[in-house]
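So for the sequence shown, our numbering puts the first residue at 60; every next one is plus one. Presented below is the structure to which this report refers.
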Amino acid sequence: MAKRRFLVLGATGQLGGALCELAAKQPYWEVRGLSHTDLEIRDAAAVRGAIAAFRPWVVLNATAWNHVEAAETDPGSAFSVNAAAVAVLARVCREMHAFLVHFSTDYVFDGRLARPYREDDPTGPVNLYGLSKLAGEEAIRLITPRHCIFRTCGLYGGRRSPRAKPNFVEAILARAARGEPLKVRSDLVCTPTSAPELAEKVLQALQMELVGTFHATNRGHCTWHEFAAEIVRGRGLRVEVTPIAGDENREGARRPAWSVLDHAALAAAGVRPMSPWQEALAAHLAA
Ligand SMILES: NC(=O)c1ccc[n+]([C@@H]2O[C@H](COP(=O)([O-])OP(=O)(O)OC[C@H]3O[C@@H](n4cnc5c(N)ncnc54)[C@H](OP(=O)(O)O)[C@@H]3O)[C@@H](O)[C@H]2O)c1
């Protein structure tokens, strides 16, 4: 049987790296991962050339401009990577008959709902990063029917690009190691999510040829303060983590207060739910 070709963009990011690692273990996939150095996703000709050269069955776009604060003052960068380049990619995928897998965020919602967000709940980003990611999603839905969009939250784990900003787990451990005081928001609720575990679910969904938009995070939820406290506890550190609230008058990106995603759609499609966030975090910290 001919191998199916699997092209990962953003291959040195945490999720892109996890996808490449896992896919490379499958005997029936031929995997190619392109880093930012290999391919600038804003370069339409380069994107077209890379896809024409490899002729993938599926393109997984794990690239993102994910600087939430900076997006408020530099929306051009956020929109060029998260929306305009995604629209071009969707068009190239459609023309070259490639299935497109893309990743989005809990930040497409306003965070005011009293229950976990379902895929078809109304969106309403409260910051420009969220708006740029929503624009990318919408472009895909309009341009190519052969797509799967996974919205996720609070990613950590997987390989890291040398240019990557530290994820939350790395940032907390680095600050604890430097003896800096740890003051963390206790008024924002999220679900920390393991990138390697998410990659497993993405591959399952691909094997099942699922199409559409799906929410995929670990199970449960916590405040960012509780997440930080669990990181410190999991590493056996004796460091105090102080809960703080955000300042509504502060300039900069607003954050949704409740960023919890419902997983019923993926479960109904036959993909087993991910593990509780505490278990995934403990496994990551123990590795
Ligand atoms: N991280 C989270 O907490 C989180 C939460 C919700 C949703 N998501 C979504 O999940 C997906 C994966 O996120 P992640 O955490 O794995 O991101 P990540 O670790 O920051 O990786 C992003 C990758 O994209 C590459 N990249 C950035 N700009 C590029 C460009 N112009 N052209 C080509 N490559 C470019 C980066 O390369 P360089 O670093 O070398 O520039 C990096 O390899 C993204 O769609 C993100 O929006 C993430």
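We put the beta carbon where it would ideally sit given N, CA and C, even for glycine.
For residue 177, same chain residues with a beta-carbon under 6 angstroms away, outside a window of 5 residues either side, are 321 in chain order.
Below 8 angstroms, too few C-beta pairs join the segment 76–96 and the segment 232–242 to call them touching: fewer than three.
No heavy atom of ligand 1 is found nearer than 6 angstroms to the CB of residue 80. Look at residue 163 here: in three-state DSSP terms it is strand. Under DSSP, the beta-bridge partners assigned to residue 215 are 253. For residue 63, the uninterrupted beta strand (DSSP E) segment begins and ends at 63–68. Following the DSSP letters along the chain, one finds residue 181 in no beta strand (DSSP E), marked with neither H nor E. Placement of the Cβ of residue 100 at a distance of less than 6 angstroms from at least one heavy atom of ligand 1 is found. The C-beta distance from residue 62 to residue 89 rounds to 4 angstroms, short enough to meet the 8 angstroms contact threshold. Secondary structure of residue 134 (DSSP, three-state): helix. At least 7 angstroms separates the beta-carbon of residue 142 from that of residue 220. Excluding its 5 nearest sequence neighbours in each direction, residue 272 has C-beta neighbours in its own chain below 6 angstroms: 178, 208, listed in chain order. Relative to residue 214, the option among 238, 69, 250 whose CA is nearest is 250. Residue 271: member of the beta strand (DSSP E) spanning 271–274, first to last residue.
Take residue 298, set aside five residues on each side of it, and the residues of its chain with a beta-carbon closer than 7 angstroms to its own are 235, 241, 291, in chain order. In the structure shown, the three-state DSSP call for residue 120 is strand. Beta-bridge pairing by DSSP links residue 203 to no other residue. A Cβ-Cβ separation of about 24 angstroms leaves residue 282 out of contact with residue 325 under the 8 angstroms criterion.
Per DSSP, the beta-bridge partners of residue 208 are 161, 272. Under a 10 Å Cβ-count criterion, residue 86 is classified as exposed, with fewer than 16 other Cβ atoms of the shown protein chains found around its own Cβ. Taking a contact to require three or more Cβ pairs closer than 8 angstroms, the segment 327–344 and the segment 305–319 do not qualify as touching. Under the DSSP assignment, residue 172 falls outside any beta strand (DSSP E); it carries neither an H nor an E label. Burial check for residue 218: the Cβ neighbour count within 10 Å reaches 16 or more, so the residue is buried.
Of the heavy atoms belonging to ligand 1, none sits nearer than 6 angstroms to the Cβ of residue 286. Distances from the CB of residue 95 to the heavy atoms of ligand 1 include at least one below 6 angstroms.
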